[in-house]
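*Asks:* Each number in the numbering used here comes from the position in the sequence shown (counting from 1) with 84 added on.
Glycine residues also receive a C-beta, built at the ideal position from the N, C-alpha and C atoms.
Before anything else, here's the structure in question.
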Amino acid sequence: MAEFTFELNDDQKQVRDWLHGFAKDVIRPAASEWDEREETPWPIIQEAAKVGIYSLDFYAQQFFDPTGLGIPMTMEELFWGDAGIALSIVGTGLAAVGVLANGTEEQIGTWIPQMYGDPGDVKVAAFCSSEPDAGSDVAAMRTRAVYDAAKDEWVLNGTKTWATNGGIANVHVVVAVVDPELGSKGHASFIVPPGTPGLSQGQKFKKHGIRASHTAEVVLEDVRVPGSCLLGGKEKLDERLARAREKAKAGGERVKNAAMATFEASRPAVGAMAVGTARAAYEVALDYARTRVQFGRPIIDNQGVAFQLADMRTMIDAARLLVWRASWMATTGKPFTSAEGSMSKLYASEVAKKVTAQAVQILGGNGFTREYPVERMHRDSAIYTIFEGTSEVQRLVIARTLSGMPIR
Numbered sequence: 085m086a087e088f089t090f091e092l093n094d095d096q097k098q099v100r101d102w103l104h105g106f107a108k109d110v111i112r113p114a115a116s117e118w119d120e121r122e123e124t125p126w127p128i129i130q131e132a133a134k135v136g137i138y139s140l141d142f143y144a145q146q147f148f149d150p151t152g153l154g155i156p157m158t159m160e161e162l163f164w165g166d167a168g169i170a171l172s173i174v175g176t177g178l179a180a181v182g183v184l185a186n187g188t189e190e191q192i193g194t195w196i197p198q199m200y201g202d203p204g205d206v207k208v209a210a211f212c213s214s215e216p217d218a219g220s221d222v223a224a225m226r227t228r229a230v231y232d233a234a235k236d237e238w239v240l241n242g243t244k245t246w247a248t249n250g251g252i253a254n255v256h257v258v259v260a261v262v263d264p265e266l267g268s269k270g271h272a273s274f275i276v277p278p279g280t281p282g283l284s285q286g287q288k289f290k291k292h293g294i295r296a297s298h299t300a301e302v303v304l305e306d307v308r309v310p311g312s313c314l315l316g317g318k319e320k321l322d323e324r325l326a327r328a329r330e331k332a333k334a335g336g337e338r339v340k341n342a343a344m345a346t347f348e349a350s351r352p353a354v355g356a357m358a359v360g361t362a363r364a365a366y367e368v369a370l371d372y373a374r375t376r377v378q379f380g381r382p383i384i385d386n387q388g389v390a391f392q393l394a395d396m397r398t399m400i401d402a403a404r405l406l407v408w409r410a411s412w413m414a415t416t417g418k419p420f421t422s423a424e425g426s427m428s429k430l431y432a433s434e435v436a437k438k439v440t441a442q443a444v445q446i447l448g449g450n451g452f453t454r455e456y457p458v459e460r461m462h463r464d465s466a467i468y469t470i471f472e473g474t475s476e477v478q479r480l481v482i483a484r485t486l487s488g489m490p491i492r
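So this is what it looks like as structure tokens:
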């Protein structure tokens, strides 16, 4: 088991510096353009693929880093460059993780490479879970998957929303209800292969922030997928459903929702994204405060500004430490007895909103214009308190964990 440390090793530092250079030289110069265009930055994704950042091998290396710091370090540096473009680069990873967590070896080997494509023909993937009436309330999901035994096919019907890369993805991973009576225990995940009839893109959302990341509805109308596209296979699903039915009949213990438990383990990565955006805004504000002269001296000489910067840096460092702790715990198999994953995501996301707002304030009128990046960073930061569990849901998870109540 890796010991917890605050110090990156030499290999991690080398990767961090490489990522930082890509974020500085490739992502940042393009950030304003793609924010205005509100389109997927395919040339940037392709460039990331050429250098090896957008690839299964790279993310696997970071995911299996024994210290747990590979993924949060990667997220922080890329999102330091720009949140919208970075999400376009890492968004495929959520679908890939869904397959890694639930799929068979054959499914992993078949589908994950198709999610990324290759540097000459990059692809993206989409993870489709949220619905118009089922965001944080996963038990309210309505998308149905019905098994056609005669053809060994699953038939999917429903509408997914807030899907990153939804509709433009080469591979979609769709969560659907297979047994409505079991609530959230009756869900399963399916691969929808490229070009499958019945899957279409619905509304593409025009967003407040992260505008370079494609977010859309995914409509499923009698979408038929082979039985081999059920992640984990039917035998495993049938066994899981049987256990859930037995517990329901016996009125047994209320077990922790599997989807919520999965989110709990992945939330530190979102916290790291927020840390990257907060750090970027802080650095812009610090440089501005050092050079902006008012009343004959740099504005950083005024306590009102200096104290804000001191608080901003303190909050950013505290958020990073919470993220690193939770990431290390998840990698080393230590249980989140106090919902440490949700703690890291909650605090880091709130810090990102506060720090970016303070950065706008320090830049004054300039901070309110698109001539300076803090305006965009402030818009981007709003998403962190919303996606992958709102701040209110994080507090609910933490409170229920501390009280011993089940997380539903």
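Kindly indicate which three-state DSSP category residue 291 falls into: helix, strand or coil?
*Replies:* Residue 291: coil per DSSP, three-state reduction.
*Asks:* Whether or not the segment 246-259 and the segment 273-293 are in contact is what I'm after, with contact meaning three or more pairs of Cβ atoms, one per stretch, closer than 8 Å; do they touch?
*Replies:* Touching, yes, given that three or more Cβ pairs across the two stretches are closer than 8 Å.
*Asks:* With a threshold of 16 other CB atoms inside 10 Å of the CB of residue 486, please say whether the residue is buried or exposed.
*Replies:* Exposed, since its Cβ has fewer than 16 Cβ neighbours within 10 Å.
*Asks:* I'd like to know whether the C-beta atoms of residue 407 and residue 432 end up nearer to each other than 8 Å.
*Replies:* Cβ atoms of residue 407 and residue 432: closer than 8 Å.
*Asks:* Are the C-beta of residue 99 and some C-beta of chain B separated by less than 8 Å?
*Replies:* Structure shown: chain B not included; a single protein chain is present.
*Asks:* Of the choices 293, 295, 300, whose alpha-carbon is the least far from that of residue 286?
*Replies:* Here the closest residue by C-alpha is 300.
*Asks:* How is residue 299 classed by DSSP in three states: helix, strand or coil?
*Replies:* Strand.
*Asks:* Starting from the Cα of residue 412, find the closest Cα among 207, 430, 350 and give me that residue.
*Replies:* It is 350 whose Cα lies nearest to the Cα of residue 412.
*Asks:* Going by C-alpha distance, which of 428, 139, 452, 480 is nearest residue 175?
*Replies:* If we check each option's Cα against that of residue 175, 139 comes out closest.
*Asks:* Quick check on residue 230: buried or exposed, where buried means 16 or more other Cβ atoms within 10 Å of its Cβ?
*Replies:* Label assigned to residue 230: exposed.
*Asks:* Let me check understanding here. Comparing Cα to Cα, which of 429, 371, 414, 362 lies closest to residue 397?
*Replies:* Comparing Cα-Cα distances from residue 397 to each of 429, 371, 414, 362, the minimum goes to 362.
*Asks:* For residue 217 versus residue 224, is the C-beta distance shorter than 8 Å?
*Replies:* Yes; because the gap between Cβ atoms is below 8 Å, this pair is in contact.
*Asks:* Whole-angstrom Cβ separation of residue 366 and residue 400, contact assumed at under 8 Å?
*Replies:* Confirmed, about 6 Å.
*Asks:* Is it right to say residue 93 is buried, meaning 16 or more other beta carbons lie within 10 angstroms of its own, or is it exposed?
*Replies:* Exposed, by the Cβ-count rule.
*Asks:* Locate the alpha helix (DSSP H) running through residue 232, then write down its first and last residues.
*Replies:* Counting along the chain, residue 232 falls outside any alpha helix (DSSP H), though it belongs to the beta strand (DSSP E) covering 228-232.
*Asks:* Output needed for residue 444: all residues of its chain with C-beta closer than 6 Å, excluding positions within five of it in sequence on either side, in chain order.
*Replies:* Hits under 6 Å: 451, 458, 462.
*Asks:* Once you ignore the five residues that flank residue 387 on each side, which residues in its own chain have a CB closer than 7 Å to its CB?
*Replies:* For residue 387, where only same-chain residues beyond five positions count, there are no Cβ hits under 7 Å.
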